[in-house]
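Report on the structure given below.
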Amino acid sequence: MRAEIEQKAPWRQTFAAWTDSRVVAMFFLGFSAGIPLLLIFSTLSVWLSEAGTGRSEVTFFSWAALGYSFKFVWAPLVDLMPLPFLTRRLGRRRAWLLLAQLLIMGAISSMALVDPAAHPGSLTTMACAAVLLGFSAATQDIVIDAYRIESVGQSMQAMLASMYIAGYRIGMLVAGAGALLLASHLATSSGGYDYPAWRLTYFVMASVMLVGVVTTLRIREPLVERKDLYTYLPAQYRRLFFLFVLSAAGFALTFFASGGWFQAMQDYLRRQLPSLGHLSGFLVEVPRFFIAVVAALTIARFGVATGFVDRKMVEVTYAAPVRDFFSRYRLRAALLVLALVGFYRLSDVVLGVVANVFYLDMGYSKDTIAYVSQTFGLAMTLLGGFFGGMLTLRFGVNSILLLGAFLSAITNLLFMLLAGAGKDTAFLATVIAADNLSAGLATTAFVAFLSSLTSVSFTAVQYAIFSSIMTLMPKLIGGYSGSLVTAFGYESFFLMTAVMGIPVLGLIWLVRMTVVVIPRGDG
Numbered sequence: 002m003r004a005e006i007e008q009k010a011p012w013r014q015t016f017a018a019w020t021d022s023r024v025v026a027m028f029f030l031g032f033s034a035g036i037p038l039l040l041i042f043s044t045l046s047v048w049l050s051e052a053g054t055g056r057s058e059v060t061f062f063s064w065a066a067l068g069y070s071f072k073f074v075w076a077p078l079v080d081l082m083p084l085p086f087l088t089r090r091l092g093r094r095r096a097w098l099l100l101a102q103l104l105i106m107g108a109i110s111s112m113a114l115v116d117p118a119a120h121p122g123s124l125t126t127m128a129c130a131a132v133l134l135g136f137s138a139a140t141q142d143i144v145i146d147a148y149r150i151e152s153v154g155q156s157m158q159a160m161l162a163s164m165y166i167a168g169y170r171i172g173m174l175v176a177g178a179g180a181l182l183l184a185s186h187l188a189t190s191s192g193g194y195d196y197p198a199w200r201l202t203y204f205v206m207a208s209v210m211l212v213g214v215v216t217t218l219r220i221r222e223p224l225v226e227r228k229d230l231y232t233y234l235p236a237q238y239r240r241l242f243f244l245f246v247l248s249a250a251g252f253a254l255t256f257f258a259s260g261g262w263f264q265a266m267q268d269y270l271r272r273q274l275p276s277l278g279h280l281s282g283f284l285v286e287v288p289r290f291f292i293a294v295v296a297a298l299t300i301a302r303f304g305v306a307t308g309f310v311d312r313k314m315v316e317v318t319y320a321a322p323v324r325d326f327f328s329r330y331r332l333r334a335a336l337l338v339l340a341l342v343g344f345y346r347l348s349d350v351v352l353g354v355v356a357n358v359f360y361l362d363m364g365y366s367k368d369t370i371a372y373v374s375q376t377f378g379l380a381m382t383l384l385g386g387f388f389g390g391m392l393t394l395r396f397g398v399n400s401i402l403l404l405g406a407f408l409s410a411i412t413n414l415l416f417m418l419l420a421g422a423g424k425d426t427a428f429l430a431t432v433i434a435a436d437n438l439s440a441g442l443a444t445t446a447f448v449a450f451l452s453s454l455t456s457v458s459f460t461a462v463q464y465a466i467f468s469s470i471m472t473l474m475p476k477l478i479g480g481y482s483g484s485l486v487t488a489f490g491y492e493s494f495f496l497m498t499a500v501m502g503i504p505v506l507g508l509i510w511l512v513r514m515t516v517v518v519i520p521r522g523d524g
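The sequence shown: position 99 = 100 (the numbering used here), numbered continuously.
See below:
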């Protein structure tokens, strides 16, 4: 038996909420959160493409944003560990928020100082700066999500979420269309690669993050009473943090140190099974990734087993939020929900990684990409979000979740038609309008769905887990989208992304038939 609880606010109260200072602040925090993403994805893709970087190497840079997918690993640290000086002066949420924003500014500035065309080693330096940006941006997202949920009651959550999404999209516009237009305007040579233009563009993007810094310094710390906060000694927090750093280092060292061995394995597969083509890279890299994960977990388990970190501290930090989720849902229903969370955005994200490279290969200029794909696309996304909110209130989350998944898959077929039609700006605008309308609608319903899954007692950690699962598989597969395009061509690639959306429709139907929607507890 399914049960849904819907609460509809009067229209007068809804309109009055737009002037609430917390709602306005969430718009600017959303803007701050929207800046880093495209500086790792599409904007960086254009920069690297102009610098002569190969298509496969360009799309591999999307893995720099894997921090978004693994933020649940350090979300408990953000939730639990006080920062020296900052927490005492600013409070728990604002301290971490300010630190994350300063790290983002430093990472973007570091990327600006690297010319990817200078020498082969510069790509490695750029990748390190991009990883720092992904890690810092993911930390900012953890804190903003927690702040959003803790700063207002349940009745205001939808309003803050909508303002956050609007600010986020405008931040993406600035980092996407704004950065492309600025780089084009600053370039001294038409059609050629101009590193100084890109360097200044990324410095400007770093300075734009001051919007988030100022907002953080002006907002109030949420008043949340939790008896479990700061119950350990400072030395115990430092040990937990040090163990996290050691585990992360173990992952990185294992992954990179094994590169030569796995490259040899990939070369062997290509010689013995040439029919695999670029898929041999996927078959080799997946076990390489999981071996690195096992190395990190082994270090963490050793730290707990030896008493370096308090076992109960780890239990409360990591195990309790997961146990709470499975206790509120039966095992089969919980697994179905997690599968839906993990695959809902698969088709959109995999296509999005290669979208700007596709536009460039089709012969569109940076100005056209900026105006049509970014600016016009943003307007369509916001419009889709508006309709998504209205339809979700009228028909419920699950129905619009299904509609959003269906439209996302269908609109990917339009990209296949665009690839066959050749350069056609009017058709490009039509495809982008349909794609972004469906994305806005789907995202609104999906955020509402994720919020309904969390428990108030573990909101920050559980939301980080859900949003990490949401992006993990799409980004892992997205890292190979350039190789898939090279192997099969754009038309076949876009057809594959549309087919990826079909299992999602089945998962939504199963969740609707199986899951009992349980009201969030008050802890």
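Idealized CB from N, CA, C, for every residue including glycine.
Local conformation of residue i per DSSP, three classes
{"i": "glutamate 492", "result": "helix"}
{"i": "serine 366", "result": "coil"}
{"i": "alanine 265", "result": "helix"}
{"i": "tyrosine 464", "result": "helix"}
{"i": "tyrosine 372", "result": "helix"}
{"i": "tyrosine 203", "result": "helix"}
{"i": "phenylalanine 309", "result": "coil"}
{"i": "leucine 274", "result": "coil"}
{"i": "proline 322", "result": "helix"}
{"i": "leucine 337", "result": "helix"}
{"i": "serine 259", "result": "coil"}
{"i": "histidine 186", "result": "helix"}
{"i": "proline 235", "result": "helix"}
{"i": "glycine 423", "result": "coil"}
{"i": "methionine 210", "result": "coil"}
{"i": "aspartate 523", "result": "Its pLDDT being 41, under 50, aspartate 523 is placed unreliably in this model, and the value from its coordinates should be taken loosely. Coil, per DSSP."}
{"i": "aspartate 349", "result": "helix"}
Pick from the options that is closest to residue i, judged by C-alpha positions
{"i": "aspartate 195", "options": "Val115, Thr216, Ala130", "result": "Val115"}
{"i": "isoleucine 109", "options": "Ser248, His186, Met127", "result": "Met127"}
{"i": "phenylalanine 407", "options": "Ala306, Lys424, Ile433, Ala440", "result": "Ala440"}
{"i": "isoleucine 370", "options": "Pro37, Asp21, Leu38, Ser46", "result": "Ser46"}
{"i": "glycine 234", "options": "Asp21, Ala198, Met314", "result": "Residue identity check: residue 234 is leucine in the sequence provided, not glycine. That would be Met314, whose Cα lies nearest to the Cα of leucine 234."}
{"i": "threonine 515", "options": "Leu379, Leu336, Thr44, Gly193", "result": "Leu336"}
{"i": "phenylalanine 42", "options": "Met82, Leu181, Phe73", "result": "Leu181"}
{"i": "leucine 254", "options": "Arg219, Tyr464, Val295, Arg239", "result": "Val295"}
{"i": "valine 358", "options": "Thr217, Tyr491, Tyr319", "result": "Tyr491"}
{"i": "alanine 118", "options": "Thr54, Arg89, Val212, Leu201", "result": "Thr54"}
{"i": "tyrosine 69", "options": "Thr318, Leu133, Trp510, Leu332", "result": "Leu133"}
{"i": "methionine 206", "options": "Tyr238, Met173, Asp368", "result": "Met173"}
{"i": "leucine 347", "options": "Ser482, Trp262, Leu187", "result": "Ser482"}
{"i": "methionine 219", "options": "Leu201, Ala26, Ser400, Phe245", "result": "Here the sequence assigns arginine to residue 219, which means methionine is not the residue at that position. Arginine 219 has its Cα closest to that of Ala26, out of Leu201, Ala26, Ser400, Phe245."}
Under 8 Å between C-beta atoms of residue i and residue j
{"i": "serine 374", "j": "isoleucine 411", "result": "no"}
{"i": "valine 342", "j": "isoleucine 470", "result": "yes"}
{"i": "alanine 76", "j": "valine 462", "result": "yes"}
{"i": "methionine 1", "j": "alanine 130", "result": "A query on residue 1 cannot be resolved here, the shown segment of the chain reaching from 2 to 524 and no further."}
{"i": "phenylalanine 495", "j": "asparagine 413", "result": "yes"}
{"i": "glycine 177", "j": "phenylalanine 28", "result": "no"}
{"i": "valine 285", "j": "glycine 479", "result": "no"}
{"i": "leucine 438", "j": "leucine 384", "result": "yes"}
{"i": "valine 144", "j": "tryptophan 199", "result": "no"}
{"i": "glycine 502", "j": "serine 409", "result": "yes"}
{"i": "arginine 89", "j": "alanine 147", "result": "no"}
Distance between beta carbons of residue j and residue i, contact taken as under 8 Å
{"i": "proline 322", "j": "phenylalanine 459", "result": "4 Å"}
{"i": "arginine 329", "j": "serine 456", "result": "7 Å"}
{"i": "leucine 241", "j": "leucine 78", "result": "7 Å"}
{"i": "alanine 422", "j": "phenylalanine 428", "result": "6 Å"}
{"i": "isoleucine 166", "j": "glycine 364", "result": "The pair is not a contact, with the Cβ atoms about 32 Å apart (cut-off 8 Å)."}
{"i": "glycine 213", "j": "leucine 30", "result": "6 Å"}
Range covered by the alpha helix (DSSP H) that runs through residue i
{"i": "leucine 436", "result": "Sequence check: residue 436 is aspartate here, not leucine. Where aspartate 436 is concerned, the enclosing alpha helix (DSSP H) stretches over 426-454."}
{"i": "glycine 92", "result": "Glycine 92 -> no alpha helix (DSSP H), and no H or E assigned at all."}
{"i": "tyrosine 194", "result": "Segment: none, tyrosine 194 is in no alpha helix (DSSP H) and carries neither H nor E."}
{"i": "glutamate 151", "result": "122-152"}
{"i": "threonine 515", "result": "503-515"}
{"i": "aspartate 80", "result": "72-81"}
{"i": "isoleucine 220", "result": "Looking at the DSSP string, isoleucine 220 is not in any alpha helix (DSSP H), and its letter there is neither H nor E."}
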